[in-house]
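S.K.:
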């Protein structure tokens, strides 16, 4: 299944929902958040939020930054 | 001497240090951690960005103890209300807390904020339960409006981000301090220790800085200098400076002069 993740086309092999996707992508950041098609999805709903072909997924975390 | 130390209050949290530091522009995570430790800051600001999927999996948060620091996610780099609001929502979902530094930039060259958009984004975020700390210009009317919509603090700039020019308009900062009851935190533009002291002497609640420390030749030493400067400035403010006068006023008694 093709998804657009953080602006890049990616081929996903087995994930059906956001929780699986984070595992498949090996996201290790201690804190991260996901948005699906420009909607922020709370962590409690990652496992139940299905993903489909051509969905746009954003996965973000904290980075060094100031003002 | 009154030794009672007043703490900085932001939302429902209290901070012993009035210095808030950024986490950008350091050479390594290790240098970031050390500089922040030395600065004594208890609140640190972080940016929210896309995870680089196939790169190094290390994160700044692996180097900063969340029990020790309060994170202040910022919306640096956002140019629209929508982007700023969504960035704060993502930050909250990422577990970075609900105190946010809202920046909506309006001009690429100066990185001056878009004040109208900042007000609008702040309004939406306050309604959504965030403690909002907006980065804004040193404008009294705007700061009053930001207070009226429920912002937790206002963060007027001293000078453009990363410029190191120091406080360009101390009079406006003074007027803002008189005009609002919420904390006023100087955000951006500090260059060196005397800038930080001068800001604190005006009576602001705190200062947020990043480049002044991270960009110094010796960031760790500058972190120490800034810690002391903020403390000294605050102490001088609390002590109450003498009024400025045009003419001299002798500090030795005139009585008992030797008659030569």
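Residue numbers (the numbering used here), protein chains in the order written: chain A, 1 to 67; chain B, 1001 to 1260. Glycine included, every Cβ here is placed at the ideal spot set by N, Cα and C.
Determine the closest residue to residue 1143 of chain B out of B:1167, B:1183, B:1124, with distance taken between C-alpha atoms.
M.R.: B:1183
S.K.: Flag residue 1203 of chain B as yes if its beta-carbon sits less than 7 Å from any beta-carbon of chain A, otherwise no.
M.R.: no
S.K.: What does residue 43 of chain A reach in chain B if we use C-beta pairs closer than 9 Å?
M.R.: 1093, 1094, 1095
S.K.: How long is the line joining the alpha carbons of residue 1235 of chain B and residue 1201 of chain B, rounded to whole angstroms?
M.R.: Answer to the nearest angstrom: the Cα atoms are 8 Å apart.
S.K.: Starting from residue 1123 of chain B, find everything on chain A with Cβ-Cβ shorter than 9 Å and list it in chain order.
M.R.: By Cβ distance, chain A contributes nothing, its closest Cβ being about 19 Å from residue 1123 of chain B, past 9 Å.
S.K.: On the DSSP letters alone, give me the boundaries of the alpha helix (DSSP H) that residue 1296 of chain B sits inside.
M.R.: There is no way to answer for residue 1296 of chain B, as the model of chain B reaches only from 1001 to 1260.
S.K.: Quick one: is residue 6 of chain A near chain B, going by C-beta distance under 7 Å?
M.R.: yes
S.K.: Should residue 1114 of chain B be labelled buried (16 or more other beta-carbon atoms within 10 Å of its own) or exposed?
M.R.: buried
S.K.: State the Cα-Cα distance for the pair residue 1091 of chain B and residue 1250 of chain B, rounded to the nearest angstrom.
M.R.: 58 Å
S.K.: Consult DSSP for residue 1134 of chain B and reduce its assignment to one of helix, strand or coil.
M.R.: strand
S.K.: Across which residues does DSSP place residue 1113 of chain B in a beta bridge pair?
M.R.: B:1105
S.K.: For the candidate residues B:1042, B:1069, B:1074, whose alpha-carbon lies nearest to that of residue 61 of chain A?
M.R.: Closest by alpha carbon: B:1074.
S.K.: Specify, as a first and last residue, the run of the alpha helix (DSSP H) that residue 1259 of chain B falls within.
M.R.: That residue, residue 1259 of chain B, is in no alpha helix (DSSP H); it is neither H nor E in DSSP.
S.K.: What does a CB cutoff of less than 7 Å around residue 41 of chain A pick up in its chain, not counting 5 residues either side in sequence?
M.R.: So the qualifying residues of the chain are 18, 34, 35, 49.
S.K.: Taking a contact to mean a Cβ-Cβ separation below 7 Å, would you say residue 1180 of chain B touches residue 1151 of chain B in this structure?
M.R.: no
S.K.: Okay, do the region 1123–1138 of chain B and the region 1093–1102 of chain B touch, 3+ Cβ pairs below 8 Å being the bar?
M.R.: yes
S.K.: Along the alpha helix (DSSP H) that carries residue 1233 of chain B, what are the first and last residues, could you check?
M.R.: 1219–1239
S.K.: Looking at the C-beta of residue 1059 of chain B, does it have a partner C-beta in chain A at a distance below 7 Å?
M.R.: yes
S.K.: Can you tell me whether residue 1123 of chain B is buried or exposed? The criterion is at least 16 other CB atoms within 10 Å of its CB, across all chains shown.
M.R.: Counting other Cβ atoms within 10 Å of its Cβ, residue 1123 of chain B reaches 16 or more and is therefore classed as buried.
S.K.: Got a sec? Which residues, its chain only, sit under 7 Å from residue 1011 of chain B by beta carbon, not counting five neighbours each side?
M.R.: 1099, 1131, 1152
S.K.: Along the region 1111–1140 of chain B, what residues have a CB closer than 9 Å to any CB found in chain A?
M.R.: 1111, 1135
S.K.: To the nearest angstrom, how far is it from the Cα of residue 1035 of chain B to the Cα of residue 1256 of chain B?
M.R.: 54 Å
S.K.: Rank B:1242, B:1171, B:1239, B:1219 by C-alpha distance to the C-alpha of residue 1033 of chain B and give the top, closest one.
M.R.: B:1219
S.K.: Which first and last residues belong to the alpha helix (DSSP H) in which residue 1068 of chain B is found?
M.R.: No alpha helix (DSSP H) holds residue 1068 of chain B; DSSP gives it neither H nor E.
S.K.: Give the residues of chain B in contact with residue 24 of chain A, contact being defined as C-beta atoms less than 9 Å apart.
M.R.: Under the 9 Å cutoff, chain B gives no residues; its nearest Cβ is about 11 Å from residue 24 of chain A.
S.K.: Can you tell me whether residue 1044 of chain B is buried or exposed? The criterion is at least 16 other CB atoms within 10 Å of its CB, across all chains shown.
M.R.: Looking at its Cβ environment, which holds 16 or more other Cβ atoms inside 10 Å, residue 1044 of chain B is buried.
S.K.: Determine the contact status of residue 1039 of chain B and residue 1227 of chain B, defining contact as a CB-CB distance below 7 Å.
M.R.: yes
S.K.: Compute the beta-carbon to beta-carbon distance between residue 1165 of chain B and residue 1191 of chain B, rounded to the nearest angstrom, for a pair I have assumed lies under 8 Å.
M.R.: 6 Å
S.K.: Out of A:25, A:9, A:1, which has the shortest C-alpha to C-alpha gap to residue 1055 of chain B?
M.R.: A:25
S.K.: Buried or exposed for residue 1222 of chain B, please, with buried defined as at least 16 other CB atoms from any protein chain shown within 10 angstroms of its CB.
M.R.: buried
S.K.: If we call anything under 7 Å between Cβ atoms a contact, is residue 1136 of chain B one with residue 1160 of chain B?
M.R.: Between residue 1136 of chain B and residue 1160 of chain B, the C-beta gap is not smaller than 7 Å, which leaves the two residues out of contact.
S.K.: Cβ closer than 8 Å: which chain A residues qualify as neighbours of residue 1071 of chain B?
M.R.: 62
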